[in-house]
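Colleague: Take a look at this one; I'll ask things after.
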Amino acid sequence: MDIIKCEAALAAAEQGSLTAAAELLGYTQSGITRMISALESEIGFPLFIRSKKGVRLTENGKIMLPLFREIVRSRQNAEQVSAEICGMIRGTLTIGCYYSISALRLPAILKEFRSRYPGVTVRMQEGGNREMSRWLNERSVDCCFCAYPEAADFDWIPVFEDELVAWLPKDHPLAHADAFPIENLEKEPFIHTSPNHDTDQDRLLAAFHLHPQTCFSTRDAFTTYNMVEAGLGISFNQRLISQKWNGEVALVPFSPPQFIPLGIAVPSLKDASPSARRFIDCAAPGCRPSSPA
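Once you know that position 14 of the sequence shown is 14 in UniProt numbering, the rest is easy, because the numbers rise by one and skip nothing.
This is the structure in structure tokens:
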């Protein structure tokens, strides 16, 4: 099975468009179309449903996609290992990452990584806990820099902990308090960021069996932060997220204190590519890997 055709099918599935897949891989649309048609002829059934809006996988295509991904990944690993033997590190590294980590912590890590391994192209995929778990299970990323993924099969390298803090308007009675009682989340208007998406908010509320008075829901933490600043309610999130935001929002630790373990999840350390292993060494020097509980 031709690897280039597998790459074309993967790109079309990820982009949802033959035109976008062609642009991503540097081919013409007709070239991508021919490669995918040839692959479908080879395996004996259609991979995609075509429409004016783009393409989407057939049920058989969904079954084949992980196999195509494994073929491409094996080729990439072989290329990286052979380059390593020759004293070079080359290849592509795909990192899944929290929005907050990619904006606030990852740039310095990538700067160091780039200085050591300029031949490695880094591709970022940003998302939340649900996306991280899916990407790890699909093996569509080399690693994820995120909170502990609860619904995935992976190896885990803990790096640091971030504190969950209450976000309160500046004139809130507890804005200058030493702690915010966690049960108070049920007693005031609450602004929920991405509800029902296995976020850190969802996990904490479920752990304490809390049912806040949700008055607004948002898709973006920065929107939530600004709504809190406007006095529309209270919320909470990782302290790291608002590190460089300058709004007048009080960040108050919870009572009892709450911390989120952040680290690097890898589909398999044993099978990790040379680029992924070197990224881990760069991002988490001295940190010891552990297996999921």
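No residue lacks a Cβ here, since even glycine has one placed at the ideal position from N, Cα and C.
#1: What residue from Arg-50, Phe-190, Ser-242, Arg-114 has the CA that sits closest to Ala-103's CA?
#2: Quick check: the Cα distance between Arg-69 and Gln-15, rounded to an integer number of angstroms?
#3: Using DSSP with H/G/I as helix, E/B as strand and the rest coil, what is Ala-179?
#4: As a quick exercise: from Phe-259, Tyr-98, Phe-154, Ala-8, pick the residue whose alpha carbon is nearest that of Glu-131.
#5: Going by DSSP, what residues sit across from His-192 in a beta bridge?
#6: CB-CB under 8 Å to Asp-162, same chain, minus the five flanking residues each way: which ones, in chain order?
#7: Along the chain, where does the alpha helix (DSSP H) containing Arg-114 start, and where does it finish?
#8: Can you round the beta-carbon distance between Pro-169 and Glu-229 to whole angstroms, since I take them to be within the 8 Å contact cut?
#9: At a cut of 8 Å, does the segment 44–62 reach the segment 6–14 through at least three beta carbon pairs?
#10: Since Val-122 and Phe-254 are thought to touch, with beta carbons under 8 Å apart, how far apart are those beta carbons, to the nearest angstrom?
#11: Identify, in the order they occur along the chain, each residue of the same chain with its Cβ nearer than 7 Å to the Cβ of His-211, setting aside the five sequence neighbours on each side.
#12: Out of Ile-43, Ala-207, Ala-13, state which residue places its alpha-carbon closest to the alpha-carbon of Ile-32.
#13: What's the gap between the Cα of Leu-136 and the Cα of Gly-233?
Modeller: Looking at the coordinates:
#1: For the purposes of this step, residue 103 is taken as residue 103 along the sequence shown, with counting starting at 1. When only C-alpha atoms are compared, the closest one is Ser-242.
#2: Position 69 of the sequence shown, counted from the first residue, corresponds to residue 69. Position 15 of the sequence shown, counted from the first residue, corresponds to residue 15. Going by the C-alpha atoms only, they are around 15 Å apart.
#3: Looking up residue 179 in the sequence shown gives position 179. Three-state result, Ala-179: coil.
#4: Translated into positions along the sequence shown, residue 131 becomes position 131. Nearest C-alpha to Glu-131: Tyr-98.
#5: Indexing the sequence shown from 1 puts residue 192 at position 192. DSSP lists Ser-217 as partners of His-192.
#6: Walking along the sequence shown from the start, residue 162 turns up at place 162. Result list for Asp-162: Gln-238, Arg-239, Leu-240, Phe-259, Ile-260, Leu-262, in chain order.
#7: Within the sequence shown, numbered from 1, the residue matching residue 114 stands at position 114. Element bounds for Arg-114: 106–116.
#8: Counted from its first residue, the sequence shown places residue 169 at position 169. Counted from its first residue, the sequence shown places residue 229 at position 229. With 8 Å as the limit, Pro-169 and Glu-229 qualify as a contact, their Cβ atoms being about 7 Å apart.
#9: yes
#10: What you label residue 122 is simply residue 122 of the sequence shown in a count that begins at 1. What you label residue 254 is simply residue 254 of the sequence shown in a count that begins at 1. Incorrect: roughly 35 Å between the Cβ atoms, too far for contact.
#11: Here residue 211 is taken as the residue at index 211 of the sequence shown, counted from 1. Within the same chain, His-211 has close Cβ partners Glu-186.
#12: For this step, residue 32 is matched to residue 32 along the sequence shown. Comparing Cα-Cα distances from Ile-32 to each of Ile-43, Ala-207, Ala-13, the minimum goes to Ala-13.
#13: Stepping through the sequence shown from its first residue, residue 136 is reached at position 136. Stepping through the sequence shown from its first residue, residue 233 is reached at position 233. Rounded to the nearest angstrom, the two C-alpha atoms are 35 Å apart.
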